[in-house]
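Chemist: Chains as they are written, first to last, in this note's numbering: chain A, 2 to 128; chain B, 440 to 687.
Built from N, CA and C at the ideal position, the CB exists for glycine as well.
Computed from a predicted structure; not experimentally measured.
Here you go:
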């Protein structure tokens, strides 16, 4: 199965989906004009992975800014992972924030509150 | 009217799906009461979840909006700092040469346009080279810094001072003629004379040359600055630590 690599633009995330490890990395800022359009390939990749590989998924999020429509898409994405987890599969979501970024930490905690799957809110040091 | 956020559009679409799913049930008045009640309960729960979703998205939206505003405010702060940095002399924190010359040009233009006379003083620290050679550049810098502070402390609100050269300052006094300018110049000179600088308690004096837009009626900025320069030169020649007014 193919990997998915989306290079960051000035208003969209860098996304890396590895079909060998099940690791999905999302990094940067997200305020695309059409969030649904932007995230569609990632949803498609996840469906293919779930159907063809059906192994663990680890979602690592290093996000500095999310507009409202991106928030909804990310919600739906993690929702899909929650369903996958509830079917007995290994899933882990790691939400990273810089030590003094209270806003992103709060965003992560908001997500964590709703989700019923392993969801960690962690500090990372940007290098 | 502003466009509806795309994420909220999705929420409204979901709402319509829920409504259409349960509309048929709700409209069927022949349903037993228990079934009708259950269908309304399901509808209510579905609405509750939808509202929770919408509130969560709004919450997260607000958090990120706040972040955006803070970033914008920080940008404005940095712009202001950058602007200040571009017009100030870093050692003395008075205007740099470029900016004081802008003020001078502006004052000169006002004279031409509105007949608003102004005075101009050039101040030079006496024997500065000797101070630098004897005590070193750090002390020399301290002398320049303190002199700038002493000048600034004696100026009126409308007056401006800038570092014109290494140890030279240019002072612009709007709406002021030489008689009044001389009073300001003397106040500065005496303040500097009475103060000491650094742990060496150095005594510093300054020479000042001044003129206004009436004396010799300068027609260009260069002419006026030349007049003030001549007055400063005379102050040095006559023994330093004095103010000289330009005369034709």
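Do we get a CB-CB distance below 7 Å when we pair residue 67 of chain A with the residues of chain B?
Modeler: The count along the first chain starts at 1 and reaches residue 67 of chain A at position 66. At least one chain B Cβ lies under 7 Å of residue 67 of chain A.
Chemist: In chain A, which residues lie with their C-beta within 9 Å of the C-beta of residue 489 of chain B?
Modeler: As a first step, residue 489 of chain B is located in the second chain; it is residue number 50 there, counting from the start. The contacting residues do not exist; residue 489 of chain B stays about 12 Å from chain A at best.
Chemist: Assuming residue 685 of chain B and residue 674 of chain B make a contact with CB atoms under 8 Å, what is their CB distance in whole Å?
Modeler: As a working mapping, residue 685 of chain B is identified with position 246 in the second chain. As a working mapping, residue 674 of chain B is identified with position 235 in the second chain. Going by Cβ atoms, the distance from residue 685 of chain B to residue 674 of chain B rounds to 10 Å, so no, they are not a contact pair.
Chemist: Does chain A have any CB closer than 7 Å to the CB of residue 506 of chain B?
Modeler: Counting from 1 along the second chain, the entry for residue 506 of chain B is found at position 67. Cβ-Cβ to chain A under 7 Å: yes for residue 506 of chain B.
Chemist: So the candidates are B:683, B:515 and B:585; which of them puts its Cα closest to the Cα of residue 606 of chain B?
Modeler: Here residue 606 of chain B is taken as the residue at index 167 of the second chain, counted from 1. The option with the nearest alpha carbon to residue 606 of chain B is B:585.
Chemist: On the criterion of 16 or more Cβ atoms from any shown chain inside 10 Å, does residue 539 of chain B qualify as buried, or is it exposed?
Modeler: Along the second chain, one-based indexing puts residue 539 of chain B at 100. Classification of residue 539 of chain B: buried, given that the 10 Å Cβ count is 16 or more.
Chemist: Please compile the residues from chain B whose C-beta is within a distance smaller than 8 Å of the C-beta of residue 76 of chain A.
Modeler: Locating residue 76 of chain A in the first chain gives position 75, where the first residue counts as 1. By Cβ distance, chain B contributes 492, 495 and 496.
Chemist: Just to confirm my understanding: we take residue 130 of chain A, look at its own chain, exclude 5 residues before and 5 after, and list those with CB closer than 6 Å. What are they?
Modeler: Coverage of chain A is limited to positions 2 through 128, which leaves residue 130 of chain A absent and any answer about it impossible.
Chemist: May I ask which residues mark the beginning and end of the beta strand (DSSP E) holding residue 28 of chain A?
Modeler: In the first chain, residue 28 of chain A corresponds to position 27, counting from 1. Looking at the DSSP string, the run of the beta strand (DSSP E) that includes residue 28 of chain A is 24-31.
Chemist: Is the separation between the beta-carbon of residue 1 of chain A and that of residue 100 of chain A shorter than 7 Å?
Modeler: Here chain A has residues from 2 to 128 only, and residue 1 of chain A is not among them.
Chemist: Would you call the CB atoms of residue 626 of chain B and residue 593 of chain B closer than 7 Å?
Modeler: The count along the second chain starts at 1 and reaches residue 626 of chain B at position 187. The count along the second chain starts at 1 and reaches residue 593 of chain B at position 154. In contact: residue 626 of chain B and residue 593 of chain B (Cβ atoms closer than 7 Å).
Chemist: With the cut-off set at 7 Å, would you say residue 46 of chain A and residue 5 of chain A are in Cβ contact?
Modeler: The residue you call residue 46 of chain A lines up with position 45 of the first chain. The residue you call residue 5 of chain A lines up with position 4 of the first chain. Taking 7 Å as the Cβ cut-off, residue 46 of chain A and residue 5 of chain A qualify as a contacting pair.
Chemist: Does the beta-carbon of residue 440 of chain B have 16 or more other beta-carbons within 10 angstroms, so that it is buried, or is it exposed?
Modeler: Residue numbering aside, residue 440 of chain B sits at position 1 when the second chain is read from its first letter. Reliability of the predicted coordinates at residue 440 of chain B is poor, the pLDDT of 41 falling under 50, and the value obtained from them is presented with this limitation in mind. It is exposed - the Cβ of residue 440 of chain B has fewer than 16 other Cβ atoms within 10 Å.
Chemist: Report, in whole angstroms, the separation of the C-beta atoms of residue 597 of chain B and residue 613 of chain B, which I expect to be a contact under 8 Å.
Modeler: To locate residue 597 of chain B, count along the second chain from 1; it is residue 158. To locate residue 613 of chain B, count along the second chain from 1; it is residue 174. Contact holds; Cβ gap of about 5 Å.
Chemist: Can you tell which of B:603, B:491, B:552 and B:480 has its C-alpha closest to the C-alpha of residue 450 of chain B?
Modeler: For the purposes of this step, residue 450 of chain B is identified with residue 11 of the second chain, where counting begins at 1. Checked all of B:603, B:491, B:552 and B:480; the closest Cα to residue 450 of chain B is B:491.
Chemist: Output the distance between the C-alpha atoms of residue 495 of chain B and residue 487 of chain B, rounded to the nearest integer angstrom.
Modeler: Position 56 of the second chain, counted from the start, is the residue given in the question as residue 495 of chain B. Position 48 of the second chain, counted from the start, is the residue given in the question as residue 487 of chain B. Straight-line Cα distance between these residues: approximately 12 Å.
Chemist: Between which two residues does the alpha helix (DSSP H) harbouring residue 660 of chain B extend?
Modeler: Here residue 660 of chain B refers to the residue found at position 221 when the second chain is read from its first residue. Segment 660-676, the alpha helix (DSSP H) holding residue 660 of chain B.
Chemist: Taking only runs of the alpha helix (DSSP H) that begin and end inside the segment 32-99 of chain A, which ones reach a length of at least 4 residues, in chain order?
Modeler: Counting only unbroken stretches of 4 or more residues, the alpha helix (DSSP H) elements lying wholly within the segment 32-99 of chain A are 36-53 and 69-87, in sequence order.
Chemist: Could you check which residue in A:42, A:85, A:87 and A:58 has the C-alpha nearest to that of residue 95 of chain A?
Modeler: Mapped onto the first chain, residue 95 of chain A falls at position 94. Minimum Cα distance to residue 95 of chain A is reached at A:58.
Chemist: Is there a Cβ of chain A sitting closer than 7 Å to that of residue 629 of chain B, yes or no?
Modeler: Reading the second chain from its first residue, position 190 is the one you call residue 629 of chain B. Not an interface residue.
Chemist: Just the C-alpha distance for residue 505 of chain B and residue 104 of chain A, rounded to the nearest angstrom, thanks.
Modeler: Here residue 505 of chain B refers to the residue found at position 66 of the second chain. Here residue 104 of chain A refers to the residue found at position 103 of the first chain. Answer to the nearest angstrom: the Cα atoms are 8 Å apart.
Chemist: If distances are taken between C-alpha atoms only, which option among A:12, A:49 and A:91 comes closest to residue 117 of chain A?
Modeler: In the first chain, the residue the question calls residue 117 of chain A occupies position 116. It is A:91 whose Cα lies nearest to the Cα of residue 117 of chain A.
Chemist: Helix, strand or coil for residue 652 of chain B per DSSP?
Modeler: Position 213 of the second chain holds residue 652 of chain B. In the structure shown, residue 652 of chain B falls within a coil segment according to DSSP collapsed to helix, strand and coil.
Chemist: According to DSSP, simplified to helix, strand and coil, what is residue 19 of chain A?
Modeler: Your numbering for residue 19 of chain A matches position 18 in the first chain. Three-state result, residue 19 of chain A: strand.
Chemist: Distance, Cα to Cα, residue 471 of chain B vs residue 48 of chain A?
Modeler: For this step, residue 471 of chain B is matched to residue 32 along the second chain. For this step, residue 48 of chain A is matched to residue 47 along the first chain. Cα to Cα, the separation comes out at about 42 Å.
Chemist: Under 7 Å between C-beta atoms, does residue 484 of chain B make it to chain A?
Modeler: Walking along the second chain from the start, residue 484 of chain B turns up at place 45. So, not an interface residue.
Chemist: If residue 617 of chain B sits next to residue 654 of chain B, beta carbons under 8 Å apart, how far is it from one beta carbon to the other, in whole angstroms?
Modeler: To locate residue 617 of chain B, count along the second chain from 1; it is residue 178. To locate residue 654 of chain B, count along the second chain from 1; it is residue 215. With 8 Å as the limit, residue 617 of chain B and residue 654 of chain B qualify as a contact, their Cβ atoms being about 7 Å apart.
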